[in-house]
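Asks: Residue numbering for the sequence shown follows this note's numbering, beginning at 2 and increasing consecutively. Beta carbons: idealized from backbone N, C-alpha and C, even for Gly.
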Amino acid sequence: MLAYIIRRLFAVVVMLLVVTLVTLSIFFLIPKMTGSDPAAMFVGKQADPASIEAVRQKLGLDEPLLVQFWHFVSGIFVGRDYTGGGDTIHCAAPCFGYSFRSEQDVWSMLVEAFPVTLSMVIGAAVLWLILGVSTGVVSALKRGTIVDRAAMITALAGVSLPIFFTAMLAMFIFRTQLVWLNASYTPISESFGSWFGGLILPWVTLAFLYAAMYARLTRATMLEVLGEDYIRTARAKGLPEAVVLGKHAMRSTMTPILTIFGMDLGALVGGAILTETAFSLHGLGALAIRGVSERDLPLILAVTLITAACVVIANLVVDLLYAVIDPRVRLA
Numbered sequence: 002m003l004a005y006i007i008r009r010l011f012a013v014v015v016m017l018l019v020v021t022l023v024t025l026s027i028f029f030l031i032p033k034m035t036g037s038d039p040a041a042m043f044v045g046k047q048a049d050p051a052s053i054e055a056v057r058q059k060l061g062l063d064e065p066l067l068v069q070f071w072h073f074v075s076g077i078f079v080g081r082d083y084t085g086g087g088d089t090i091h092c093a094a095p096c097f098g099y100s101f102r103s104e105q106d107v108w109s110m111l112v113e114a115f116p117v118t119l120s121m122v123i124g125a126a127v128l129w130l131i132l133g134v135s136t137g138v139v140s141a142l143k144r145g146t147i148v149d150r151a152a153m154i155t156a157l158a159g160v161s162l163p164i165f166f167t168a169m170l171a172m173f174i175f176r177t178q179l180v181w182l183n184a185s186y187t188p189i190s191e192s193f194g195s196w197f198g199g200l201i202l203p204w205v206t207l208a209f210l211y212a213a214m215y216a217r218l219t220r221a222t223m224l225e226v227l228g229e230d231y232i233r234t235a236r237a238k239g240l241p242e243a244v245v246l247g248k249h250a251m252r253s254t255m256t257p258i259l260t261i262f263g264m265d266l267g268a269l270v271g272g273a274i275l276t277e278t279a280f281s282l283h284g285l286g287a288l289a290i291r292g293v294s295e296r297d298l299p300l301i302l303a304v305t306l307i308t309a310a311c312v313v314i315a316n317l318v319v320d321l322l323y324a325v326i327d328p329r330v331r332l333a
């Protein structure tokens with residue numbers, strides 16, 4: 002198991018390096034093809050050629066692609082010095098560079114935005130996992146009844162309705178009409194009640210979408226598992242139904258659930274763009290939109306790398322949990 006973990010960690014590092022190189026390559030080639038200059042965007046519209054060239058040298062934009070890649074990766078671990086124009090700026094590790102537009106330290110921007118996204122995603126994930134799995138199990142056990150049909154109709158509505166529509170509807174009802182909940186995000190360190198009130202609607206909005214998908218998947222998987230020979234054998238041996246469902250059926254049912262849960266959680270931690278935009282939350286999704294719209298290469302690189310890291314780490318954790326849930330994985 003230790004050797005497997007080491008191999009997976011090595012694969013994670015390689016994957017993150019590849020993602021960084023590909024992202025850097027795209028934004029290294031696009032300015033050449035479109036005629037835009039990141040250094041000119043950094044300086045501003047009224048800059049003279051000498052100032053643009055000084056900034057280009059200071060940020061290392063005049064260096065070859067692989068050299069820029071090495072400076073970016075090494076800066077994350079040991080920091081980086083920006084020289085040019087007679088002065089030197091030291092960016093302490095972890096250094097993701099400075100924003101081309103605001104000239105802020107990108108790492109400080111990530112530190113400010115990440116708790117917002119993490120708070121939103123973790124709360125929503127708990128809701129959608131509990132509601133989705135429990136609804137799917139009940140629907141499978143009550144197959145063909147009105148409970149099953151009502152649950153699946155609700156799940157179909159949750160999957161079909163776009164998230165920006167449910168977000169606007171929830172805000173109209175609970176914030177505009179009933180005035181029950183906060184309209185802005187408050188850090189949990191300042192006030193737990195305000196933090197909870199500002200995030201409950203994003204949680205419910207995300208959970209409604211994902212719980213619907215998890216309910217449908219859980220129902221289909223549970224129905225398939227209940228028809229397996231080992232479930233009939235367990236019942237024939239006289240085991241209580243709770244043991245048959247909880248110890249045998251649920252373990253096999255949870256395997257595909259864990260797979261998509263790891264992918265969904267990792268991707269959303271990297272930035273739930275639509276939800277953050279709808280609720281005006283300044284998380285990683287908002288940073289991603291800002292970076293793309295302003296063609297801010299350091300910001301885009303940082304958000305892309307964080308997103309990729311969340312996805313691959315979440316999938317690594319899921320693979321390790323397989324061994325806990327399914328004994329066949331441990332034997333393999």
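Sort out for me which residues DSSP pairs Thr89 with in a bridge.
Replies: Thr84
Asks: Where are the alpha helix (DSSP H) runs, 4 residues long or more, that stay fully inside the region 264-291, in chain order?
Replies: Counting only runs of 4 or more, we get 274-279.
Asks: List, from N- to C-terminal side, the alpha helix (DSSP H) runs of 4 residues or more that fit wholly inside the region 152-230.
Replies: 164-172 and 193-227
Asks: Taking the Cβ atom as the reference point for each residue, do Ala213 and Val160 lie within a distance shorter than 7 Å?
Replies: yes
Asks: Can you tell which of Ser120, Lys59, Gly80 and Leu210 has its C-alpha closest to the C-alpha of Tyr186?
Replies: Ser120
Asks: Kindly list the residues whose CB is nearer than 8 Å to the CB of Ala114, restricted to its own chain and excluding five residues on each side of it in sequence; keep chain order.
Replies: The beta carbon of Ala114 is closer than 8 Å to those of His283, Gly284, Leu285, Ala287 and Leu288 in its chain, skipping five residues each way along the sequence.
Asks: Answer yes or no: do Gly124 and Leu200 have a C-beta to C-beta separation smaller than 7 Å?
Replies: yes
Asks: Among the candidates Cys311, Tyr323 and Val122, whose CA atom is the shortest distance from the CA of Thr254?
Replies: Tyr323
Asks: Which same chain residues, not among the five before or five after Ala168, have their C-beta less than 7 Å away from its C-beta?
Replies: Thr206, Thr276, Ala279 and Phe280
Asks: Return the Cβ separation of Phe97 and Leu298 in integer angstroms, given the expectation that the two are a contact with Cβ distance under 8 Å.
Replies: That belief does not hold up - the Cβ atoms of Phe97 and Leu298 are roughly 11 Å apart, past 8 Å.
Asks: Once DSSP output is grouped into helix, strand and coil, what is the label at Asp149?
Replies: helix
Asks: Identify which residue in Ile90, Thr118, Pro116 and Val245 has its Cα closest to the Cα of Gln105.
Replies: Of the candidates Ile90, Thr118, Pro116 and Val245, Ile90 places its Cα closest to the Cα of Gln105.
Asks: Is there contact between the region 263-271 and the region 302-317, where contact requires at least three CB pairs shorter than 8 Å?
Replies: Yes, the region 263-271 touches the region 302-317.
Asks: How is Asp320 classed by DSSP in three states: helix, strand or coil?
Replies: helix
Asks: Could you pull the start and end residues of the alpha helix (DSSP H) that Pro241 belongs to?
Replies: Taken as a continuous stretch (DSSP letters only), Pro241 belongs to no alpha helix (DSSP H), as it is neither H nor E.
Asks: Terminal residues of the continuous alpha helix (DSSP H) containing Phe78?
Replies: Leu66 to Val79
Asks: Where do the ends of the alpha helix (DSSP H) carrying Ser109 lie?
Replies: Where Ser109 is concerned, the enclosing alpha helix (DSSP H) stretches over Val107 to Leu142.
Asks: Tell me, which residues are paired with Tyr5 by DSSP?
Replies: DSSP lists no partner for Tyr5.
Asks: Trp71 to Leu25, Cα distance in whole Å?
Replies: In a straight line, the C-alpha of Trp71 is about 11 Å away from that of Leu25.
Asks: Rounded to whole angstroms, what is the Cα-Cα separation between Gly239 and Leu17?
Replies: 51 Å
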